[in-house]
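Below is one structure, written out as structure tokens, with a few remarks after it.
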Amino acid sequence: MTNDEAQPRRSAFALVRGLISGMVALAKLELQHGRQEIGAMLATVRGGVILIGIAVALVFAAVISLTMTLVLGLAALVGWPGWVMALLVTLLLLAIAGLLTWRGIRRIKIGPPEETIASVREEVAWAKRLMRRG
């Protein structure tokens, strides 16, 4: 028996179905590989992220200290009680934060992932054309 006689011929539909199932399996393997790669990267990055977090906390403490210096300096300069100046500086900071938040919210545009949707539609159309040929 030759190789052709040993294997029964498969229909075109079965070949297409096998091709699609192979593509799905390949996509699943690629996704799994991507997850493993990201996990490995995150494990090596963890130490750096911790150090950056500590640095951010120290900068936050420095900003608080600078704000207190501003409050006490303005209170001494103007001659008002410290609590009044602290209240004014707090209100000013809250107003600036509110303005920045409002402008940031106006810039955020969340919608469907157009490129991904277009790509999936192209792949579905390709698969349909492939199925019609078979």
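Per the numbering used here, the sequence shown starts with residue 5, numbered consecutively.
Glycine included, C-beta positions come from ideal geometry on N, C-alpha and C.
Contact between V49 and T71 does not hold, since the beta-carbon distance rounds to 32 Å and is not under 8 Å. Following the DSSP letters along the chain, one finds S69 inside the alpha helix (DSSP H) bounded by residues A16 to V82.
R136 carries a helical assignment under DSSP once its states are collapsed to helix, strand and coil.
In this structure, DSSP gives G115 a state outside helix and strand, which the three-state scheme calls coil. Straight across, the Cα-Cα distance linking A122 with Q40 is about 27 Å.
Three or more beta-carbon pairs drawn from the region 124–137 and the region 18–25 are found closer than 8 Å, and the two stretches are therefore classed as touching.
DSSP places R110 in the helix class (H, G or I) of the three-state scheme. For the options A61, R14 and V88, the alpha carbon positioned closest to that of L74 is the one of V88.
A straight line joining the alpha-carbon of G52 with that of M45 spans about 12 Å. Within the model, the alpha-carbon separation for H37 versus E119 is close to 22 Å.
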